[in-house]
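Here's the structure, in structure tokens; my notes come after.
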Amino acid sequence: MIDVLVIGGGNAALCAALMAREAGASVMLLEASPKAWRGGNSQHTRNLRCMHDAPQDVLVDAYPEEEYWQDLLKVTGGITNEQLARLVIRASSNCRDWMRKHGVHFQPPLSGALHVARTNAFFMGGGKALVNAYYRSAEKLGVQIRYNTPVQDIELEDGRFVAARVAEHTVNGTRCPAERIEAKACVLAAGGFESNREWLREAWGQNERGEWPSDNFLIRGTRFNNGVLLQRMIELGADQIGDPTQAHMVAIDARAPLYDGGICTRIDCVSLGIVVNKEGQRFYDEGEDFWPKRYAIWGRLVAQQPDQIGYSIIDSKSVGRFMPPVFPGQQANTLEGLADLLQLPRATFVDTVNRYNQACRPGQFNHTVLDDCATEGITPAKTHWARPLDTPPYYGYALRPGVTFTYLGLKTDETAAVRFDGQASPNLYVAGEMMAGNVLGKGYTAGVGMSIGTAFGRIAGHNAALASLGQPIVKSA
Ligand SMILES: Cc1cc2nc3c(=O)[nH]c(=O)nc-3n(C[C@H](O)[C@H](O)[C@H](O)COP(=O)(O)OP(=O)(O)OC[C@H]3O[C@@H](n4cnc5c(N)ncnc54)[C@H](O)[C@@H]3O)c2cc1C
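Per our numbering, the very first residue in the sequence shown carries number 86; after that it's consecutive.
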């Protein structure tokens, strides 16, 4: 019998598999996707948020524990577990050497990645290179890897993991029989339920306009995170945490594909201009805070608008100041022309822009600080980077809610154990998106998804190995 079974094939699962193997356990990793699509949402990532008290390789200045914690506290509105959050923060300060040992390389951020040179370490070659490096290292260390293996069910005995079940399925026309795979311990790292459109529909329900908002959501990452195991674990009585409608949701290009559009469909000019809904009205402060601390609320804000669509509007002063999206925006020399191209009600749209322009107070524009360019006398206010939209050509991008990952997950503790009625399982662990809701009750700050997955993936893998080898479990501080 295998010692440690790891279910999932993204960052959290790979960290767990590598740690379990390093601790001396035999390891098998089951990835639902084919090899070409391995790596889940992790293949789309670019960086992880790291605490550091002084400049360190690719990171400038310092980003102390307390500042990181305050950032998390602010974005989550206090819906976080301080003990687990601090554990993630501390682990982010010393994981990079281990990552390098397994083939991950880092680089300073490219220009256009705003405000993150101090806080975030970027992966050379992005998440795809990180995932490939981990798979290579895992193979070299003797981890057995199986693709096209979606686990459907978990067998438990009094909270103890016994076996995973894979239903009969077909891969490229070949029938794969049902299987039951036993192991001495198991790590669940199979992502959230963001790719399960029925579950999203059920969670978001119908709004007061009679719309089913989630029908207009796009999924930024993998199609394989359908939450089958999360649902099954909840049915089996595992303690859960989080609200099913809470998720990391970004406003992305409305022309993005349904799955796997990845990073290049993000529209990053929101804080430089204004955003209107299909009625041509503004609905939120576009300059509330730095973009990496605010980009993940805009998907949700757009989801609350009629037809779940918004339009990011800038003028030519902002061109070159943000990471350009992959598809060019609509462009017009007049506001009326832009309204027509975007199919917005002309008069209301022009009136919205004019009222905004008149409300902009003179200030010293500086996109790298929370500057003093703010509006006065309009609702909603724009509190920073407010400059009149007065320099044609004007540009507009249609926005849809892009779900990155959901926050409903399994409750855990500092050992990463799955819990049943408050009791930690002796041999079943959880990591990554499947438990990120312990730290992220709502909101997001860039790079913390990979910090959570790396910290808990490593803890879960190590503890699963210890459990399988009959050794005492370590409580991380
Ligand atoms: C476009 C995009 C950009 C992002 N950029 C960043 C970034 O720069 N920094 C950051 O910190 N975070 C970023 N994130 C978030 C980040 O991807 C996640 O927080 C992190 O990757 C989660 O890791 P994970 O291992 O839990 O999930 P995933 O990487 O999604 O892995 C889940 C795995 O489980 C597999 N799986 C699912 N169901 C089953 C099953 N039943 N049986 C077997 N296997 C199964 C999937 O195939 C997949 O391999 C980004 C996400 C997206 C979509």
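We put the CB at the ideal spot given by N, CA and C, even for glycine.
Distance CB(residue i)-CB(residue j) smaller than 9 Å
i      : j      : result
Asp374 : Leu429 : no
Tyr529 : Ile382 : yes
Gly546 : Ala102 : yes
Thr307 : Gln366 : no
Asn96  : Phe207 : no
Ala323 : Phe505 : yes
Ala632 : Asn310 : Limits of the chain in this structure are 86 at one end and 562 at the other, which puts residue 632 out of reach.
Gln270 : Asn451 : The identity of residue 270 in the sequence shown is Ala, whereas the question assumes Gln. Contact flag unset, no.
Val272 : Val89  : yes
Ser536 : Cys135 : yes
Asp146 : Arg181 : no
Leu114 : Asn205 : no
Phe302 : Gln393 : yes
Ala110 : Gly93  : no
Sequence-distant residues of its chain with Cβ nearer than 6 Å to residue i (five each side left out)
i      : result
Ala176 : Ala540
Ser510 : Gly244, Ala502, Val503
Lys467 : Asp370, Glu371, Gly372, Thr460
Tyr360 : First, the amino acid is wrong: residue 360 is Val here, not Tyr. Cβ neighbours of Val360 beyond the five flanking positions: Glu371, Gly395, Ser397.
Leu215 : Val189, Phe208
Leu226 : Arg106
Ile164 : Gly526, Lys527
Lys213 : Gln128
Asn233 : Pro119, Val256
Thr476 : Asp400, Ser401, Lys402
Ala263 : Ala252, Glu253
Leu426 : Gln415, Ala417
Tyr344 : Ile304, Arg308
Three-state secondary structure (DSSP) of residue i
i      : result
His469 : coil
Phe541 : helix
Ser127 : helix
Gln237 : coil
Asn362 : strand
Gly405 : coil
Glu461 : coil
Gly555 : coil
Val201 : coil
Ile304 : strand
Glu264 : strand
Gly494 : strand
Asn96  : helix
Glu283 : helix
Arg134 : strand
Pro342 : coil
Met334 : strand
Leu226 : helix
Ile352 : coil
Lys560 : coil
Thr433 : helix
Ala101 : helix
Thr161 : helix
Asn512 : strand
Asp88  : strand
Arg294 : coil
Val503 : strand
Leu273 : strand
Tyr369 : coil
Gln192 : strand
Bridge-paired residues (DSSP) for residue i
i      : result
Pro140 : DSSP, once it has assigned bridges, lists no residue as partnering Pro140.
Ala531 : According to DSSP, Ala531 bridges with nothing at all.
Gly395 : Asn362, Leu484
Gln415 : Gly481
His547 : Bridge partners of His547: none, in fact.
Arg231 : Leu115
Asp400 : Tyr479
His254 : Cys261
Ala180 : It is worth fixing the name first, because residue 180 is Cys in this sequence and not Ala. Bridge partners of Cys180: none, in fact.
Arg245 : Glu242
Ala206 : Leu133
Gln325 : Leu495
Gln148 : Position check: residue 148 holds Tyr in this sequence, whereas Gln was assumed. Answer is His137.
Contacts around residue i, its chain only, beta-carbon distance under 7 Å, and the 5 residues preceding and following it disregarded
i      : result
Gly522 : Ile326, Gly327, Tyr492, Leu493, Gly494
Phe412 : Asp338, Arg340
Leu241 : Val247, Leu321
Heavy atom of ligand 3 within 8 Å of residue i beta-carbon
i      : result
Pro235 : What this structure holds is ligand 1, not ligand 3.
Sequence-distant residues of its chain with Cβ nearer than 8 Å to residue i (five each side left out)
i      : result
Arg317 : Gln237, Asp238, Ile239
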